[in-house]
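So the structure is just underneath, and the comments pick up after that.
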Amino acid sequence: MPAKIETAAVETICYSDIFDYPLTEEEIWKWLIKIKNQKSKIKNTIKNLKLIEKKDNYYFFCGRDKIINLRKERKKYSQQKLKIASKVINIIKIIPSVKLIGITGALAVDNAKKSDDIDLLIISSKDLLWTTRLLITLLIEITGMRRHPGESNVNNKICLNMFVDENYLEIPKKEQDLFSAHEVAQMKLIWDRDDTYYKFLKANDWVRRYLPNAYQKLVMGKSGKDTSDGGEASTSTPPRWRKQEPPMVEELAKRFQLWYMRNRRTKEVIKEGIIRFHPQDAREWVMKEYRRRISNLMSLSHRISIEESV
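Under this note's numbering, the first residue of the sequence shown is numbered 452, with each subsequent residue one higher.
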């Protein structure tokens, strides 16, 4: 078996191990890093990897079998959180300028801890980003479920993690890496209007460089009006709203929110067409930890090869 496939399999398991998330054979193929491969080749590849063990159909690094029960436990927590999220999403999707609602982070792959919040990604109609955010924030605030800055107990709170204007669907160039590729491909679609999810995937076709199998599977499954995996679909934005798109209201909504958050901002990102509010940006530390672990694995593999040759 070509060494590059073995390396990709180890790197894939290494990335998921950061999140204490063992993978099935199907998942290793799906999330295989940078290698587009047939499923039939994966089984023999991972079977011959000396650093990998298998139990209950999950693959993980030697000595890490405890994360199997952890994944099963977190799946139960995730199912509970998804029910809560669905109730909230049923409220906010009535806003006509909401084009897409997705769940991101650990919950998107059923790996949420009991204490985790619920991260949402919202895509808005063109030129209605700040208006959409204001309306959603007010609705979530009324329910008493919105996560606030500085809160210590965020269990089951709604974190309005990211807002994107439909004209700015591509992830910024400098953030196009393995972490962001996973965030795009892992997002759990809940609500989709005007095939916005498919447009989102096509705008981020750079994901195929990092996760070719996952990306191809998503695009083939989401073309047209297909919204499988639980995603609902609405065929079009109500025409009445389209005639009343108010640029003045958008400007007022933007000014008001920027004024309100002027003394509350920390690591938030505000760019043209994108608003990202998250108290802890995981991207930097995850990629740093991934590189560290890969370096350690390379050293370990080299040492094992030397010992076997002696």
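All residues carry an ideal CB built from backbone N, CA and C; glycine is no exception.
Below 8 Å on the Cβ atoms is my contact criterion, and I expect residue 734 with residue 630 to pass it. Report the Cβ-Cβ distance as a whole number of Å. The residue labelled residue 734 in the question sits at position 283 within the sequence shown. The residue labelled residue 630 in the question sits at position 179 within the sequence shown. That pair is a contact at about 5 Å.
Classify residue 675 as helix, strand or coil using the three-state DSSP reduction. By 1-based counting over the sequence shown, the position of residue 675 is 224. Residue placement at residue 675 is poorly supported in this model, since its pLDDT is 45, which falls under 50; the coordinates still yield a value, given next. DSSP places residue 675 in coil when its eight states are reduced to three.
On the DSSP letters alone, give me the boundaries of the beta strand (DSSP E) that residue 581 sits inside. Walking along the sequence shown from the start, residue 581 turns up at place 130. In the DSSP assignment, residue 581 falls outside any beta strand (DSSP E) and within the unbroken alpha helix (DSSP H) covering 580-594.
Continuous beta strand (DSSP E) stretch holding residue 615: start and end: What you label residue 615 is simply residue 164 of the sequence shown in a count that begins at 1. According to the DSSP assignment, residue 615 belongs to the beta strand (DSSP E) that extends over 609-616.
Note down, in chain order, each residue of its chain lying with its Cβ closer than 6 Å to the Cβ of residue 561, except the 5 sequence neighbours on either side. Taking the first residue of the sequence shown as 1, we reach residue 561 at position 110. So the list reads 526, 529, once near-sequence residues are dropped.
May I have the straight-line CA-CA distance separating residue 554 from residue 537, to the nearest angstrom? In the sequence shown, residue 554 corresponds to position 103, counting from 1. In the sequence shown, residue 537 corresponds to position 86, counting from 1. A straight line joining the alpha-carbon of residue 554 with that of residue 537 spans about 10 Å.
CB-CB under 8 Å to residue 463, same chain, minus the five flanking residues each way: which ones, in chain order? Here residue 463 is taken as the residue at index 12 of the sequence shown, counted from 1. The residues are 474, 479, 482, 483, 484.
Which residues bound the beta strand (DSSP E) around residue 621? Numbered from 1 along the sequence shown, position 170 holds the residue referred to as residue 621. Boundaries for residue 621: no beta strand (DSSP E) harbours it, and the DSSP string shows neither H nor E there.
Return the first residue and the last residue of the beta strand (DSSP E) that residue 475 is part of. Locating residue 475 in the sequence shown gives position 24, where the first residue counts as 1. For residue 475, there is no enclosing beta strand (DSSP E), as DSSP marks it with neither H nor E.
As assigned by DSSP and simplified to three states, the class of residue 728: As a position in the sequence shown, residue 728 is number 277, starting the count at 1. Three-state result, residue 728: coil.
Pair every Cβ in the region 539-546 with every Cβ in the region 586-600, then say whether three or more of these pairs are closer than 8 Å. Of all C-beta pairs linking the region 539-546 to the region 586-600, three or more are shorter than 8 Å, placing the two stretches in contact.
For residue 551, three-class secondary structure by DSSP: Taking the sequence shown and counting its residues from 1, the one referred to as residue 551 is at position 100. Strand, per DSSP.
Can you tell me whether DSSP reads residue 575 as helix, strand or coil? The residue labelled residue 575 in the question sits at position 124 within the sequence shown. Under the three-state reduction of DSSP, residue 575 is assigned to strand.
Skipping 5 residues on each side, what residues in its chain have a beta carbon closer than 8 Å to that of residue 669? Indexing the sequence shown from 1 puts residue 669 at position 218. Within the same chain, Cβ atoms closer than 8 Å to the Cβ of residue 669 are found at 636, 652, the five residues on either side in sequence being excluded.
Sub-7 Å separation of residue 552 and residue 607 beta-carbons: Indexing the sequence shown from 1 puts residue 552 at position 101. Indexing the sequence shown from 1 puts residue 607 at position 156. It is not a contact, given that the beta carbons lie outside the stated cut-off.
Look at residue 611 and residue 571 and say whether their C-beta atoms are less than 7 Å apart. Numbered from 1 along the sequence shown, position 160 holds the residue referred to as residue 611. Numbered from 1 along the sequence shown, position 120 holds the residue referred to as residue 571. Taking 7 Å as the cut-off, the Cβ atoms of residue 611 and residue 571 count as close.
Is DSSP giving residue 644 helix, strand or coil here? In the sequence shown, residue 644 corresponds to position 193, counting from 1. In this structure, residue 644 counts as strand in the three-state DSSP scheme.
Where do the ends of the beta strand (DSSP E) carrying residue 505 lie? Taking the first residue of the sequence shown as position 1, residue 505 is located at position 54. Residue 505 -> beta strand (DSSP E) spans 503-506.
Residue 468, DSSP secondary structure in three states: Translated into the one-based positions of the sequence shown, residue 468 becomes position 17. In the three-state DSSP reduction, residue 468 falls in the helix class (H, G or I).
For residue 661, three-class secondary structure by DSSP: By one-based count along the sequence shown, residue 661 stands at place 210. DSSP places residue 661 in coil when its eight states are reduced to three.
Consult DSSP for residue 598 and reduce its assignment to one of helix, strand or coil. Position 147 of the sequence shown, counted from the first residue, corresponds to residue 598. Three-state result, residue 598: coil.
Answer with buried or exposed for residue 599, where buried requires no fewer than 16 other C-beta atoms within 10 angstroms of its C-beta. Here residue 599 refers to the residue found at position 148 when the sequence shown is read from its first residue. So residue 599 counts as exposed.
If we call anything under 7 Å between Cβ atoms a contact, is residue 647 one with residue 577? For the purposes of this step, residue 647 is identified with residue 196 of the sequence shown, where counting begins at 1. For the purposes of this step, residue 577 is identified with residue 126 of the sequence shown, where counting begins at 1. No, the pair does not count as a contact, with Cβ atoms beyond the cut-off.
Indicate the three-state DSSP secondary structure (helix, strand or coil) for residue 564 in the structure shown. Translated into positions along the sequence shown, residue 564 becomes position 113. Residue state, collapsed to three classes: coil.
Coarse secondary structure for residue 487, derived from DSSP in three states: For the purposes of this step, residue 487 is taken as the residue at position 36 of the sequence shown. In the structure shown, residue 487 sits in coil (DSSP, three-state: anything other than H, G, I, E or B).
N-terminal and C-terminal residue of the alpha helix (DSSP H) that residue 532 is part of: Position 81 of the sequence shown, counted from the first residue, corresponds to residue 532. Per DSSP, residue 532 is one residue of the alpha helix (DSSP H) stretching across 517-543.
Quick check on DSSP: helix, strand or coil for residue 721? As a position in the sequence shown, residue 721 is number 270, starting the count at 1. The three-state secondary structure of residue 721, taken from DSSP, is strand.
Here's the rule: buried if 16 or more other CB atoms are within 10 angstroms of the residue's CB, otherwise exposed. What is residue 732? Translated into positions along the sequence shown, residue 732 becomes position 281. When all chains shown are included, residue 732 counts as exposed.
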